[in-house]
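Protein chains: 6
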Amino acid sequence: MPYVHMKLTPEGLTKEKKETLMRKVTELLRDELDKNPETTIITIEEVPTDNWGIGGESVTRRRQL
Amino acid sequence: MPYVHMKLTPEGLTKEKKETLMRKVTELLRDELDKNPETTIITIEEVPTDNWGIGGESVTRRRQL
Amino acid sequence: MPYVHMKLTPEGLTKEKKETLMRKVTELLRDELDKNPETTIITIEEVPTDNWGIGGESVTRRRQL
Amino acid sequence: MPYVHMKLTPEGLTKEKKETLMRKVTELLRDELDKNPETTIITIEEVPTDNWGIGGESVTRRRQL
Amino acid sequence: MPYVHMKLTPEGLTKEKKETLMRKVTELLRDELDKNPETTIITIEEVPTDNWGIGGESVTRRRQL
Amino acid sequence: MPYVHMKLTPEGLTKEKKETLMRKVTELLRDELDKNPETTIITIEEVPTDNWGIGGESVTRRRQL
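Taken in sequence, the protein lines are chains R, F, D, E, P and V. Using our numbering, the letters of the first sequence map in sequence onto residues 27 to 91. Using our numbering, the letters of the second sequence map in sequence onto residues 27 to 91. Using our numbering, the letters of the third sequence map in sequence onto residues 27 to 91. Using our numbering, the letters of the fourth sequence map in sequence onto residues 27 to 91. Using our numbering, the letters of the fifth sequence map in sequence onto residues 27 to 91. Using our numbering, the letters of the sixth sequence map in sequence onto residues 27 to 91.
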């Protein structure tokens with residue numbers, strides 16, 4: 027019954043990459059904790075770099091430096 | 027003071043359906059737990075089927091099978 | 027596939043009340059949006075009144091007024 | 027290592043306002059709790075008024091009254 | 027109507043510090059975005075250092091180095 | 027800069043298992059998306075089976091059947 031939420035910036039996050047993340051995190055929880063894949067839920071939220079802050083400024087600004 | 031967050035895939039989630047969900051969840055918390063509707067907050071997040079995984083694959087792919 | 031997260035203060039939140047909330051929210055999503063109960067996940071988080079703020083102060087303090 | 031998530035409706039939420047929020051929340055955590063800004067993460071989620079409920083109805087409808 | 031969720035490790039997080047965080051974040055949102063304090067909700071979640079990872083290991087282990 | 031939140035029921039979730047999950051999810055994000063482990067944050071929330079619902083009832087009750 028695990029629930030996993032992943033927040034990621036959108037660049038490079040193709041449909042295929044998302045499938046890979048979902049499959050591998052589900053397998054990890056099955057292998058390490060014997061969790062049933064059929065009740066393992068994973069949601070991916072794509073957070074724009076303007077809306078993600080670290081060190082007191084956005085990732086957008088940080089990358090311009 | 028309850029706070030409820032609902033993650034749903036967007037299909038069929040009209041403005042009217044959202045109003046209904048917000049009203050009924052708020053009424054449920056008032057009726058069952060005597061919570062004040064004026065401080066009951068509900069947010070709805072629409073998660074694309076590409077970003078929702080179950081059983082190790084996206085809902086998009088699952089629906090194609 | 028809906029996922030619902032409810033934050034509530036712990037007072038009066040018995041095991042039975044939690045079962046009722048889980049059943050009724052699941053039924054609401056089935057009735058309004060035709061969501062499959064078997065993939066409807068609900069988690070309840072009990073937030074102490076010291077850790078819940080509204081109007082710039084904790085619910086603990088607010089209730090003392 | 028704090029992590030702060032802010033849900034806000036999008037009106038008036040310019041790039042500059044977001045930078046200001048990120049900077050000031052990070053400074054607050056540094057000043058009050060001695061948290062290292064370099065590991066302070068802040069994400070901002072913009073929630074449409076149709077998807078935000080209070081008092082059993084959406085903010086969209088509430089503002090029309 | 028803002029909703030702010032803060033995840034913090036519990037050390038040094040006294041009742042007074044929590045009141046200060048709630049008051050100052052609420053004031054910040056009022057001053058910067060003209061948000062009504064009476065509908066500004068803040069929840070604080072205390073995450074044990076065993077359950078917080080950065081750089082691929084827990085904060086517990088990281089602090090032992 | 028990824029942020030991953032995992033909700034799990036507490037049984038079998040030892041300190042060692044948590045370290046393994048944190049390490050492997052961080053490595054997965056580095057390997058698949060080239061994310062920097064030093065800014066990859068993972069939090070684990072342990073949700074009691076009374077507070078986790080699926081199919082309209084708690085996991086506690088479901089396991090008794």
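We put the beta carbon where it would ideally sit given N, CA and C, even for glycine. Keep in mind it's a predicted model, so treat the numbers as computed, not measured.
Contact annotation for Met27(D) against chain V: no contact, minimum CB-CB distance about 11 Å [criterion: below 8 Å]. Cβ-Cβ distances below 7 Å link Met48(R) to Ile68 in the same chain, with the five nearest sequence neighbours on each side left out; the list follows chain order. At a C-beta separation below 9 Å, Ile67(F) has these neighbours in chain P: Met27, Tyr29, Thr65, Ile67. By the C-beta density criterion, Leu91(D) is exposed, having fewer than 16 other C-beta atoms within 10 angstroms. Leu55(D) carries a helical assignment under DSSP once its states are collapsed to helix, strand and coil. Within chain P, the residues placing a beta-carbon under 9 Å from that of Ile80(D) are Met48, Thr52, Pro63, Glu64, Thr65, Thr66, Ile67, Ile68, ordered along the chain.
For Leu34(F), the CB contacts under 8 Å within the same chain, skipping 5 residues up- and downstream, are Ile70, Glu71, Glu72, Val73 in chain order.
Secondary structure of Met32(E) (DSSP, three-state): strand. Within the same chain, Thr52, Arg56 come within 6 Å of Pro63(V) by CB-CB distance, once the 5 residues on both sides are set aside.
A distance below 8 Å between beta-carbons, with the five flanking residues on each side excluded, links Val30(E) to the following residues of its chain, in chain order: Val51, Leu55, Thr66, Ile67, Ile68, Thr69. Contact of Glu72(E) with chain F is not assigned, every C-beta pair being separated by 8 Å or more.
Around the beta carbon of Gly38(R), a 10 Å sphere encloses fewer than 16 other beta carbons of the protein chains shown; the residue is thus reported as exposed. Look at Leu59(R): its C-beta is under 8 Å from a C-beta on chain V.
Ranked by Cα distance from Thr86(P), the first of Ile80(V), Gly81(V), Asp60(V), Glu45(V) is Glu45(V).
Excluding sequence positions up to five before and after Arg88(V), its CB lies within less than 8 Å of the CB of Ile80, Gly81, all in the same chain and listed in chain order. Sixteen is the threshold: when 16 or more other Cβ atoms of the shown chains lie within 10 Å of the Cβ of Lys61(E), as they do, the residue is buried. Glu37(D) sits in coil when the DSSP states are folded into three classes, being neither helix nor strand. Leu59(V) and Glu83(F) have their C-alpha atoms some 18 Å from each other. Just so you know, the alpha carbons of Thr40(F) and Lys43(P) end up roughly 42 Å apart. DSSP places Thr69(R) within a strand segment (E or B) once states are collapsed to three. Residue pairing of Gly79(R) in beta bridges, as defined by DSSP: Ser84(R), Ile68(E). At a cut-off of 8 Å between beta-carbon atoms, Thr86(P) makes no contact with chain E. As the crow flies, the alpha-carbon of Met32(V) is around 15 Å from that of Trp78(F). Assigned with DSSP and collapsed to three states, Lys44(F) falls in helix.
At a cut-off of 8 Å between beta-carbon atoms, Lys41(F) makes no contact with chain D.
When the five nearest sequence neighbours on each side are left out, the beta carbons in the same chain lying within less than 6 Å of the beta carbon of Asp76(D) are those of Ser84, Thr86, in order along the chain.
No Cβ of chain D is located within less than 8 Å of the beta carbon of Glu37(V). In this structure, the CA atom of Met27(P) is about 13 Å from the CA atom of Met27(F). Per DSSP, reduced to three states, the secondary structure at Lys50(R) is helical.
Put simply, the CB of Lys44(R) is near chain F, with a gap under 8 Å to one of its CB atoms. Annotated three-state conformation of Pro63(V) is helix, per DSSP.
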